[in-house]
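Undergrad:
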Amino acid sequence: MFTVAFVGNPNVGKTALINDIAGSDLQVGNWPGVTVEKKEVTFTYHDEKIHLVDLPGTYTLTPYSLEEKITRNVICSEQIDGIINVVDVTDIRRNMYLTLELVDLQKPLVVALNMFDEFTKRGYALDIERLEAILGAPCVPTIGSKGIGTKRLVKEMYDAIKEERKPKVIPYQEHIEKEIAFLIKKMEREDCQLKRFFAIKLLEEDEFATKRVEQMDPSIVQAAKEARERLQRHFGMSVKEFIVQDRYQKIDKILDEVLKKPLIDRVLLSDKIDNFALHQWFGIPLFVVIMFLMFKITFDGSAPIVDWMSGFFENFLGPHLRASMHPLPPWMVSLLVDGVLSGVGLVLSFLPLLAFLYFFMALLEESGYMARVSFLLDRLAAGLGVKGNAFISLIVGFGCNVPAVYSTRTLSSLRERIIVTLMIPFMSCSARLPIYALFTALFFRHHQALIILSMYLLGIIVALAIGFLANKLLPMQDSKPFFLELPTYHMPTFHAIWRSMKPRLADFITRAGTVIVAASIVVWAIMSLPPSSTPQTSYLARTAQKIAPLFKPLGFGEHWEPVAALIPGTLAKEVVIGSLGTIYGVENAKKKVAKTSWLDDLWDQVKALGRALKDSILNITTLQIASLQSEQTSSLLMQKLRSQIATPAAALSYMIFVLLYIPCVSTMAAIKEEFGWKLMVFEVLFLPVLAYFITFFLYSVVKYFL
517 MFTVAFVGNP
527 NVGKTALIND
537 IAGSDLQVGN
547 WPGVTVEKKE
557 VTFTYHDEKI
567 HLVDLPGTYT
577 LTPYSLEEKI
587 TRNVICSEQI
597 DGIINVVDVT
607 DIRRNMYLTL
617 ELVDLQKPLV
627 VALNMFDEFT
637 KRGYALDIER
647 LEAILGAPCV
657 PTIGSKGIGT
667 KRLVKEMYDA
677 IKEERKPKVI
687 PYQEHIEKEI
697 AFLIKKMERE
707 DCQLKRFFAI
717 KLLEEDEFAT
727 KRVEQMDPSI
737 VQAAKEARER
747 LQRHFGMSVK
757 EFIVQDRYQK
767 IDKILDEVLK
777 KPLIDRVLLS
787 DKIDNFALHQ
797 WFGIPLFVVI
807 MFLMFKITFD
817 GSAPIVDWMS
827 GFFENFLGPH
837 LRASMHPLPP
847 WMVSLLVDGV
857 LSGVGLVLSF
867 LPLLAFLYFF
877 MALLEESGYM
887 ARVSFLLDRL
897 AAGLGVKGNA
907 FISLIVGFGC
917 NVPAVYSTRT
927 LSSLRERIIV
937 TLMIPFMSCS
947 ARLPIYALFT
957 ALFFRHHQAL
967 IILSMYLLGI
977 IVALAIGFLA
987 NKLLPMQDSK
997 PFFLELPTYH
1007 MPTFHAIWRS
1017 MKPRLADFIT
1027 RAGTVIVAAS
1037 IVVWAIMSLP
1047 PSSTPQTSYL
1057 ARTAQKIAPL
1067 FKPLGFGEHW
1077 EPVAALIPGT
1087 LAKEVVIGSL
1097 GTIYGVENAK
1107 KKVAKTSWLD
1117 DLWDQVKALG
1127 RALKDSILNI
1137 TTLQIASLQS
1147 EQTSSLLMQK
1157 LRSQIATPAA
1167 ALSYMIFVLL
1177 YIPCVSTMAA
1187 IKEEFGWKLM
1197 VFEVLFLPVL
1207 AYFITFFLYS
1217 VVKYFL
């Protein structure tokens, strides 16, 4: 089996190329000993298994971050048989710095000239044959988003490994080259395939190379030190700086030979858009407008389908399942229908809502706009003591807080990671969205998008306040330089959008089938115990009744049911909705049992789905105001909530508390894994108190207006 590493700068399209080559999604794990994601996939070519590894993006093999160190360590290991260097050909000069370092490794190498369509649109041309002759490595034009060039890329890599072809040695300045040859000779007795690479890195005072060579022979490290001193006396400057300059001079010389620029530099559409999208005054208002439109179209488009799915579980699946289970004991029927189906069905009914949201999030991410958001918010970074890439973790948190916590690994210092991790739980993840949707449908029917947007903005404001406070309290640390890359705008393909949506939807469905099923069973059990109890005298009711008075100042402590749903909601936020469905399902004395043929009812459901899809299209195309669960189709859950949370102010208070109180168990586990027990315990103890006082203050104000 061959192992091939995909290496390149960040955001050059490595993952898209690998997915197209292998025909499947990358498997995600962790590199041994660290929490950096390891992405890999295996496929068969000419009866030979080829293992592809998608390494974290890096600009150089002299790394700064943990992810860059992983990349350097892996490609310097013996397990890598060949390297595919993915280059963003629209910015070839910057990308080629890494290419020249990879050439120094003297391993089989193929260069993927990615985004070649965008390159030619800009009027550029490349003498690929001449570039191949200079590098001594195949150079393949590719378009990762369309799968163009990937077959040839695999063939060239396969042939290069089979024939053990290595790239040409590109010599440095003569004095540098002389010292490289001197150090290589010193290592000639050592069993090392990377003698030239290590010799160059020793001259650059690279810590990794120094440790590796010291294990072979400490005298070589001493010889490298003497070589650096000779070169420094000759050049009158740092050897590392001189080698960097020498590489760029070589890149410029190569590009003079192979790159043909347009006679007149075009003003790119991407630049024209950025003149407005990144404007000092208009950029952030534009971002807010885009978010508002995203939420509005999400709700308007998904509302009829959510209504249909809710009715499907409540009015079709539940009654027919109950009718088919009459031979079973009543407690088992109640468990499956009132417990599991009520909870899971209610959560799954919001799947269309999340599908719309994930679609638009993927559209913004794949188009290149989300990277600009980090740039827009970079001005706030100084006050937070972090850099612009910290906001990338916060944006990830809008999807799910768990990967957002893990994504802080890319930040340059522990201090920055802690500050950002303290902020992440206030980002409204997708699990909170069904809760917002349910309550806004009931109490803010004509302003759903605006209220949802205000919840997201409130989370951001609280997060920024916590970040500013943490920056004042935590001791300062030295930080490393930060580079923010702005990719060119482009229209993403549906294939790319679907690849982004699929794992998020799959994760939601998986949680519905595991965590929410388990939570629904637990809630049903403590709602049904002790055995002879009624829902009002069950263990859950007794517990919730004792703590409900604490929530009266927040507007929703008059009844125990809404408070009870918050308890299992600490497992996962969507469990709040599932628990409400289970609680009211158990309470409902009138059990619906199907009295008509399931085939007739199924046909009615199919016709209802057709009407829902038609209404969804109309809502989007005509920008009508839609609402989840209309007055005419209010379910038992909607009726109960409306009676127990009496005012819009109380409903808003409930949503605010759900936004701010304890993060889910998975987020807590991620924080514990990354930072240890202390920070996790602090979050568990601090956030409920903070949530209570912020909710109390806001409810005290808004109750006079709503």
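Here this note's numbering is used: the first residue of the sequence shown is 517, the next is one more, and so on.
We treat Cβ as the ideally placed atom computed from N, Cα and C, and that holds for glycine.
#1: From this set, A986, Y885, Y972, P1008, which residue's C-alpha is nearest F792's C-alpha?
#2: DSSP three-state call for N630: helix, strand or coil?
#3: Tell me whether the beta-carbon of V978 lies closer than 7 Å to the beta-carbon of F942.
#4: Applying the 10 Å Cβ sphere with the 16-neighbour rule, what's the burial state of P683?
#5: Would you kindly work out how many angstroms separate the C-alpha atoms of Y1208 and I600, rounded to a whole number?
#6: Based on Cα-Cα distance, which residue from A1124, L1066, I1063, A1057 lies nearest to I1099?
#7: Given that a residue counts as buried once 16 or more other Cβ atoms are within 10 Å of its Cβ, and exposed if not, what is R895?
#8: Give me the Cα-Cα distance between G1094 and H962, rounded to the nearest whole angstrom.
#9: Counting only runs that start and end within the stretch 716-768, where is the alpha helix (DSSP H) found for 4 or more residues in a row?
#10: Grab me the residues of Y972's own chain with a C-beta within less than 6 Å of its C-beta, minus the 5 sequence neighbours each way, in chain order.
#11: Since F916 contacts S883 with CB under 8 Å, what's their CB separation in whole angstroms?
#12: Please report the straight-line C-alpha distance between E1192 and I700, rounded to a whole angstrom.
#13: In its own chain, which residues sit with a C-beta less than 7 Å from the C-beta of L969, not counting the 5 before and 5 after it?
#14: I'd like the list of long-range same chain contacts for P1003, defined as Cβ closer than 7 Å, with 5 residues on each side in sequence excluded.
#15: CB-CB under 8 Å to E1199, same chain, minus the five flanking residues each way: which ones, in chain order?
#16: State the DSSP-derived secondary structure class of A1105, mapped to helix, strand or coil.
#17: Mind checking which residues open and close the beta strand (DSSP E) that includes I566?
#18: Beta carbon of I596, beta carbon of T666: below 7 Å?
#19: I need the DSSP call for D1116, collapsed to helix, strand or coil.
#20: Across which residues does DSSP place V523 in a beta bridge pair?
#21: Is I908 closer than 7 Å to S890 when the C-beta atoms are compared?
#22: Rounded to whole angstroms, what's the CA-CA distance from S754 to A725? Just pull it up for me.
#23: Where T531 and M825 are concerned, what is the direct C-alpha to C-alpha distance, given to the nearest angstrom?
#24: Between the Cα of L892 and those of F1010, I911, P1204, E1074, spot the shortest distance and give me the residue it belongs to.
#25: With a Cβ-Cβ cutoff of 7 Å, do T627 and V603 count as a contact?
#26: Indicate the three-state DSSP secondary structure (helix, strand or coil) for T956 in the structure shown.
#27: So, using beta-carbon positions, are N630 and G660 closer together than 7 Å?
#28: Return the CA-CA distance between K727 and K903, expressed in angstroms with no decimal places.
#29: Identify every run of the beta strand (DSSP E) within the stretch 644-717, keeping only runs that are complete inside it and at least 3 residues long; order them along the chain.
#30: In chain order, what residues of the same chain have a beta carbon less than 7 Å from the beta carbon of I534, not counting five sequence neighbours either side?
#31: Starting from the Cα of L1201, find the closest Cα among P579, A653, R588, L1176 and give me that residue.
#32: Look at the Cβ atom of T926, then the Cβ atom of E583, and state whether they are nearer than 7 Å.
#33: Hey, would you say V1252 sits closer than 7 Å to P778, going by beta carbons?
#34: Could you give the first and the last residue of the continuous alpha helix (DSSP H) run that contains E1189?
#35: Thinking C-beta only, is L958 closer than 7 Å to R1158?
#36: Evaluate contact between the stretch 634-646 and the stretch 691-708, counting only Cβ atoms and requiring at least three cross-stretch pairs below 8 Å.
TA: Taking the structure as given:
#1: Y885
#2: strand
#3: yes
#4: buried
#5: 53 Å
#6: A1057
#7: exposed
#8: 25 Å
#9: 723-732, 734-751
#10: S944
#11: Note on residue identity: the sequence assigns Cys, not Phe, to residue 916. Actually they are not in contact, since the Cβ atoms of C916 and S883 sit about 21 Å apart, beyond 8 Å.
#12: Per the sequence shown, residue 1192 should be read as Gly rather than Glu. Cα-Cα distance, rounded: 44 Å.
#13: M807, F808, F811
#14: N527, G884, A887
#15: L938, P941, I1178, P1179, M1184, I1187
#16: Any reading at A1105 is ruled out, since the residue's pLDDT is 43, under 50, leaving its predicted position unreliable.
#17: 564-570
#18: no
#19: helix
#20: N601
#21: yes
#22: 18 Å
#23: 35 Å
#24: I911
#25: The sequence as given places Val at residue 627; Thr does not occur at that position. Result yes, Cβ atoms of V627 and V603 sit closer than 7 Å.
#26: helix
#27: yes
#28: 31 Å
#29: 655-657
#30: F522, L542, V557, L568, D570
#31: L1176
#32: yes
#33: There is no way to answer for residue 1252, as the model of the chain reaches only from 517 to 1222.
#34: 1181-1191
#35: yes
#36: no
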